[in-house]
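Quick notes on the structure that follows.
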Amino acid sequence: MSLNIFLRTFHNLTSKRQFLKIQWKKLEKNYFPVQKRNHLSQSINSNSDMPPSGKARTVLIDLSGTVHVESTAISTAHSAIERLRDTSLNIRFVTNSSKESKLSLYKRLKNMGFDIKMDEIFTSLTAARQLVETRKLRPMLILTEEAMDDFKGIPNEDPNAVLVGLTPDKFNYEHLNTAFRVLLDKPDIPLIAINKARYIKQLSGLSLATGPFVTALEYAVDRKAELVGKPNSAFFLESIKDFGCEASSTVMIGDDVRDDVEGAMKIGMFGILVKTGKYRDGDETKIKPGPDAICSDIGDAVEYIITNLT
Ligand SMILES: [Mg+2]
1 MSLNIFLRTF
11 HNLTSKRQFL
21 KIQWKKLEKN
31 YFPVQKRNHL
41 SQSINSNSDM
51 PPSGKARTVL
61 IDLSGTVHVE
71 STAISTAHSA
81 IERLRDTSLN
91 IRFVTNSSKE
101 SKLSLYKRLK
111 NMGFDIKMDE
121 IFTSLTAARQ
131 LVETRKLRPM
141 LILTEEAMDD
151 FKGIPNEDPN
161 AVLVGLTPDK
171 FNYEHLNTAF
181 RVLLDKPDIP
191 LIAINKARYI
201 KQLSGLSLAT
211 GPFVTALEYA
221 VDRKAELVGK
231 PNSAFFLESI
241 KDFGCEASST
251 VMIGDDVRDD
261 VEGAMKIGMF
271 GILVKTGKYR
281 DGDETKIKPG
291 PDAICSDIGD
301 AVEYIITNLT
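Residue numbers for the sequence shown, in the numbering used here: 1 to 310.
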């Protein structure tokens, strides 16, 4: 084979390879749903030079630690939410917050300058009330006075359940011992946890959340708690029900690698971990497979979604 023929053959093969590569990328972009691409790409991060591509329809956003910490907004949160509003993506804020009522949380977000509607917020307290009503429960409520507002009209005499949310003032021997005795006296009644987060981010630092106290009750009565909020699959699915979209076209952004990211990924959502709020170095290695994407904050996450997932 002469040198010229060899070079022409080599050029043709290279062109064909390039052509096939482009066609494959087109196929991948148009036909693979988010979750399928997730399997192809495994764990990636926002600096990856091979981001997935495709069509997301809904974005679920965690609040505490992702959008704000207590009454302080995460610096990029306002602009990130505004950018999402300019797209056709559905938006819902999903929170495990159980320290205050939905109305109180909504007012706090408005005071921070967020353009958010009340019905865009889906809280674990709302889900807990739905569960209590459906099963006609009369729970002993271990909740803050503010959170109790979300349970107005629910009977609680002669309790047939114990429901626990984040209530630092009541996480003491007296209240927990009362709950323990109710559960011990009635072995068939459920212990319900609004969530089982290990810790939360406060301005003063990380603080104990509901999980350690629920776990103390579980241990004492040798009974597992029913979990209402994230990472419960039913909670995620209920939050997107109104949109009529699939989990596979939903993206979840959050600062809790287990409750937000792993919980969402388990039902086929695309999970993005942000490095704000409760995030600590190495959190991304605590779940297998790792997060679909890791971003510095919600601003970076929204940029990632618009660039790669729409
Ligand atoms: Mg959070």
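Cβ atoms here follow ideal geometry from the backbone N, Cα and C, with glycine treated the same way.
For clarity, every value in this text was computed on a predicted model and none was experimentally measured.
Mapping the DSSP letters down to three states, classify residue i as helix, strand or coil.
i: Glu226; result: strand
i: Asn96; result: coil
i: Ser64; result: strand
i: Pro139; result: strand
i: Thr144; result: coil
i: Leu114; result: Checking the displayed sequence, the identity of residue 114 turns out to be Phe instead of Leu. Residue state, collapsed to three classes: coil.
i: Gly339; result: Any property of residue 339 remains undetermined from this structure, which presents the chain solely from 1 to 310.
i: Thr126; result: helix
i: Ala301; result: helix
i: Ile81; result: helix
i: Ile74; result: coil
i: Thr134; result: helix
i: Thr58; result: strand
Comparing the CB of residue i with every heavy atom of ligand 1, is any distance shorter than 7 Å?
i: Lys278; result: yes
i: Gly65; result: yes
i: Gly254; result: yes
i: Asp62; result: yes
Taking only the alpha-carbon atoms, compute the straight-line gap between residue i and residue j and give it to the nearest angstrom.
i: Phe236; j: Lys278; result: 20 Å
i: Ala209; j: Leu89; result: 32 Å
i: Lys186; j: Ala247; result: 38 Å
i: Lys351; j: Glu303; result: A question about residue 351 goes unanswered here, because the residues of the chain that appear run from 1 up to 310.
i: Lys36; j: Ile267; result: Annotation note: pLDDT 35 at Lys36 (below 50); position unreliable, no value reported.
i: Gly153; j: Met112; result: 30 Å
i: Asp283; j: Arg223; result: 29 Å
i: His68; j: Asp256; result: 14 Å
i: Ala73; j: Asp297; result: 12 Å
i: Leu191; j: Tyr106; result: 28 Å
i: Leu227; j: Ile116; result: 27 Å
i: Val221; j: Asn160; result: 15 Å
i: Asn177; j: Phe213; result: 11 Å
i: Ile294; j: Thr58; result: 18 Å
- prompt: For the stretch 118-133 against the stretch 158-171, are there 3 or more C-beta pairs whose distance is under 8 Å?
  reply: Result yes; three or more Cβ-Cβ pairs closer than 8 Å.
- request: Indicate whether the contact test is met: 3 or more Cβ pairs, each with one atom in the stretch 260-270 and one in the stretch 216-231, closer than 8 Å.
  value: In this structure the stretch 260-270 lies against the stretch 216-231, because at least three pairs of beta carbons, one per stretch, are closer than 8 Å.
message: Extract the residue ranges of the alpha helix (DSSP H) inside the stretch 153-220, only unbroken runs of 4 or more that lie entirely within it.
response: Complete alpha helix (DSSP H) runs here, min 4: 173-185.
- prompt: Just checking, does the stretch 180-187 make contact with the stretch 195-203 on the three C-beta pairs under 8 Å criterion?
  reply: The answer is no - the stretch 195-203 does not touch the stretch 180-187, with fewer than three Cβ pairs under 8 Å.
- prompt: Is there contact between the stretch 240-252 and the stretch 214-222, where contact requires at least three CB pairs shorter than 8 Å?
  reply: The stretch 240-252, when compared against the stretch 214-222, does not touch it at the 8 Å Cβ threshold.
- prompt: Using 8 Å as the threshold, is the stretch 94-105 in touch with the stretch 62-74, meaning 3 or more CB pairs across them?
  reply: They touch, by the three-pair rule.
- request: List in chain order: all unbroken beta strand (DSSP E) runs of 3+ residues lying wholly within the stretch 228-297.
  value: For secondary structure counted as the beta strand (DSSP E) over 3 or more consecutive residues, the stretch 228-297 holds these complete runs in sequence order: 250-254, 270-274, 293-295.
message: Taking contact to mean 3 or more Cβ pairs, one atom from each stretch, closer than 8 Å, check whether the stretch 132-151 and the stretch 98-109 are in contact.
response: The stretch 132-151 vs the stretch 98-109: in contact.
- prompt: Do the stretch 286-294 and the stretch 269-276 touch if we need at least three Cβ pairs shorter than 8 Å?
  reply: A contact exists between the stretch 286-294 and the stretch 269-276.
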